[in-house]
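Numbering-wise, the sequence shown is residues 98 to 252 according to this note's numbering.
Even for Gly, the Cβ is constructed at its ideal location relative to N, Cα and C.
Below: the structure, in structure tokens.
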Amino acid sequence: MGPQVSGVRWVERREDVGRFCREVAPGLYVRSFTSIAEPRGPFARIVLSNAIESASVVAQLFVPVPDDAPIPDEVFECAVAFARYTRKSVPLVVQCRMGLSRSASMAYAILRVVDGFGHAEAFERVRSNVLGQEWPAPEVIASAQAWVERVTAKS
98 MGPQVSGVRW VERREDVGRF CREVAPGLYV RSFTSIAEPR GPFARIVLSN
148 AIESASVVAQ LFVPVPDDAP IPDEVFECAV AFARYTRKSV PLVVQCRMGL
198 SRSASMAYAI LRVVDGFGHA EAFERVRSNV LGQEWPAPEV IASAQAWVER
248 VTAKS
């Protein structure tokens with residue numbers, strides 16, 4: 098399982114922490130830009146869209162990625178390294194505009210590479226169905242899956 102972070106309560110899989118903010122693994126959250134909910138206390142954040150201010154953010158990686166487009170390998174590499182470093186001490190929020198595709202796909206990559214989850218378990222934790230549409234978007238999650246396969250094939 099993922100790192101145990103002091104003071105972080107493991108919420109049942111995919112339980113909402115607040116509107117458009119859900120914990121997908123211990124100390125790993127997927128959040129939309131519109132969400133005002135966030136973990137209690139200090140946390141780190143990977144932002145894949147517009148940044149918003151929060152007094153609780155202790156470290157932030159800002160990498161704007163177009164919506165509904167594959168995420169570049171370099172973004173995965175940088176974000177996963179950031180996740181490995183920050184999750185040792187604080188929870189990590191992965192955020193994009195809606196919290197459905199880019200952030201969920203990045204969380205999928207983190208769950209696979211950092212936390213060691215298999216494909217099925219990682220995908221189940223990040224998937225959602227909003228208004229009858231499955232998320233993350235196929236082309237975005239495909240970029241995460243392809244990157245994970247390339248990285249794990251090297252090890």
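{"Asked": "Boundaries of the beta strand (DSSP E) in which I143 is found, first to last residue", "Found": "F140 to V144"}
{"Asked": "Runs of alpha helix (DSSP H) lying entirely within the region 148-218, each at least 4 residues, in chain order", "Found": "170-183 and 199-210"}
{"Asked": "Residue range of the unbroken beta strand (DSSP E) whose run includes A122", "Found": "C118 to A122"}
{"Asked": "Beta-carbon gap between P163 and S240 smaller than 8 Å", "Found": "no"}
{"Asked": "Own chain, CB closer than 6 Å to V191, minus 5 neighbours either side, in chain order", "Found": "V127, I143, S200, M203 and A204"}
{"Asked": "When E171, V211 and E236 are compared against L197, the one with the closest alpha-carbon", "Found": "E236"}
{"Asked": "Expected contact under 8 Å - CB spacing of R224 and E231 to nearest Å", "Found": "7 Å"}
{"Asked": "Element boundaries [beta strand (DSSP E), containing R224]", "Found": "That residue, R224, is in no beta strand (DSSP E); it is neither H nor E in DSSP."}
{"Asked": "Residue burial classification, D165 (beta-carbon count within 10 angstroms, cutoff 16)", "Found": "exposed"}
{"Asked": "Cβ-Cβ separation, V210 to V177 (assumed contact under 8 Å), whole Å", "Found": "5 Å"}
{"Asked": "Beta-carbon spacing of C175, L158 below 8 Å", "Found": "yes"}
{"Asked": "Bounding residues of the beta strand (DSSP E) (the contiguous stretch that carries S129)", "Found": "L125 to S129"}
{"Asked": "A156 versus A250 - alpha carbon distance", "Found": "30 Å"}
{"Asked": "S186 versus R247, G213, A141 and A243, residue with shortest Cα-Cα distance", "Found": "A141"}
{"Asked": "Proximity test, S225 beta-carbon vs the ligand MN heavy atom, cut-off 7 Å", "Found": "Among the components modelled here there is no ligand, and therefore nothing to report on the ligand MN."}
{"Asked": "Residue range of the alpha helix (DSSP H) that includes S252", "Found": "Looking at the DSSP string, S252 is not in any alpha helix (DSSP H), and its letter there is neither H nor E."}
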